Amino acid sequence: QKEVEQDPGPLSVPEGAIVSLNCTYSNSAFQYFMWYRQYSRKGPELLMYTYSSGNKEDGRFTAQVDKSSKYISLFIRDSQPSDSATYLCAMSGGGLQGAQKLVFGQGTRLTINP
Amino acid sequence: DAGVIQSPRHEVTEMGQEVTLRCKPISGHDYLFWYRQTMMRGLELLIYFNNNVPIDDSGMPEDRFSAKMPNASFSTLKIQPSEPRDSAVYFCASSRELATTYEQYFGPGTRLTVT
Chain Y
1 QKEVEQDPGP LSVPEGAIVS LNCTYSNSAF QYFMWYRQYS RKGPELLMYT YSSGNKEDGR
61 FTAQVDKSSK YISLFIRDSQ PSDSATYLCA MSGGGLQGAQ KLVFGQGTRL TINP
Chain P
1001 DAGVIQSPRH EVTEMGQEVT LRCKPISGHD YLFWYRQTMM RGLELLIYFN NNVPIDDSGM
1061 PEDRFSAKMP NASFSTLKIQ PSEPRDSAVY FCASSRELAT TYEQYFGPGT RLTVT
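Chains as they are written, first to last, in this note's numbering: chain Y, 1 to 114; chain P, 1001 to 1115.
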């Protein structure tokens, strides 16, 4: 079993829909939770960052972490065609070195249809 | 800032040949990471350096892979000899040690095809 599980999709939704992306994990030592966005033929870029449990909102994006269930989510409101990309969850443990060692999910390919 | 620079962007080589991938991290960043991305396995960390010193190479698949960081502005990932199963996109990333987040900045990647 992988440390981080993410449904690879693909996921296709109409413009304006609410999108929900999820990851589960097995390592209880993970403390830092991130979502990266990767456009086709590009490197991943950090989208959201959360430490420990809770919610974080940034514009149309909301990240949720439930450490008790080992489950994280990313919600995209009022989705736009420009949101079409692969979304990767990433996690890391505590301590300076541990926090730097990211474990990525498989990535979910998302398409927003105009 | 120019961002993380990787070269070459594309590499096609024959099985058995030596391949060298190059990376220039963002100036002032203390950490450098090498990743490999495939459809089957996703994005995997191969090795990372802190202040030019290798910290964790547990992700390096086998002895055919080696990485060096001779100075703060340059790193190489070498595959010798290369095999078709090494075909993947290889990313280099860098980050700062003293930061509010542990954001890693990725380069554009090197697409390697081994025939």
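Virtual Cβ for every residue (Gly too), placed ideally from N, Cα, C. What you are looking at is a predicted structure, and each value in this text was computed from that prediction instead of being measured.
Where residue i falls, given that 16 or more other Cβ within 10 Å makes a residue buried
i                 : result
Thr1115 (chain P) : exposed
Lys1068 (chain P) : exposed
Val103 (chain Y)  : buried
Asp58 (chain Y)   : exposed
Thr50 (chain Y)   : buried
Val1053 (chain P) : exposed
Tyr39 (chain Y)   : exposed
Arg1009 (chain P) : exposed
Ser12 (chain Y)   : exposed
Pro1061 (chain P) : exposed
Residues bridged to residue i (per DSSP)
i                 : result
Gly1042 (chain P) : P:Thr1038
Asp1056 (chain P) : P:Tyr1048
Glu1011 (chain P) : P:Leu1112
Leu102 (chain Y)  : In DSSP, Leu102 (chain Y) forms no bridge with anything.
Asp66 (chain Y)   : Y:Tyr71
Ser92 (chain Y)   : Y:Tyr32
Arg1022 (chain P) : P:Ser1007, P:Thr1076
Assumed close pair residue i, residue j - CB separation to whole angstroms, cut-off 8 Å
i                 : j                 : result
Gln1006 (chain P) : Thr1110 (chain P) : 5 Å
Gln64 (chain Y)   : Ser73 (chain Y)   : 5 Å
Val1004 (chain P) : Phe1106 (chain P) : 6 Å
Pro1084 (chain P) : Met1015 (chain P) : 6 Å
Gly93 (chain Y)   : Ala17 (chain Y)   : Not really, about 34 Å apart at Cβ, beyond 8 Å.
Tyr25 (chain Y)   : Lys56 (chain Y)   : About 17 Å separates the two Cβ atoms, so there is no contact after all.
Opening and closing residue of the beta strand (DSSP E) in which residue i lies
i                 : result
Glu5 (chain Y)    : 4 to 6
Phe1091 (chain P) : 1088 to 1095
Gly54 (chain Y)   : 54 to 58
Cβ-heavy atom distance, residue i to the ligand COA, below 7 Å
i               : result
Phe61 (chain Y) : Absent from the structure shown: the ligand COA. Ligands present: none.
_the stretch 1018 to 1027 of chain P contacting the stretch 86 to 98 of chain Y, beta-carbon criterion three pairs below 8 Å_ = When C-beta atoms of the stretch 1018 to 1027 of chain P are compared with those of the stretch 86 to 98 of chain Y, fewer than three pairs fall below 8 Å, so the two segments do not count as touching.
*asked:* Using a Cβ distance threshold of 8 Å, determine whether the stretch 96 to 109 of chain Y contacts the stretch 3 to 12 of chain Y, with at least three qualifying pairs required.
replied: yes
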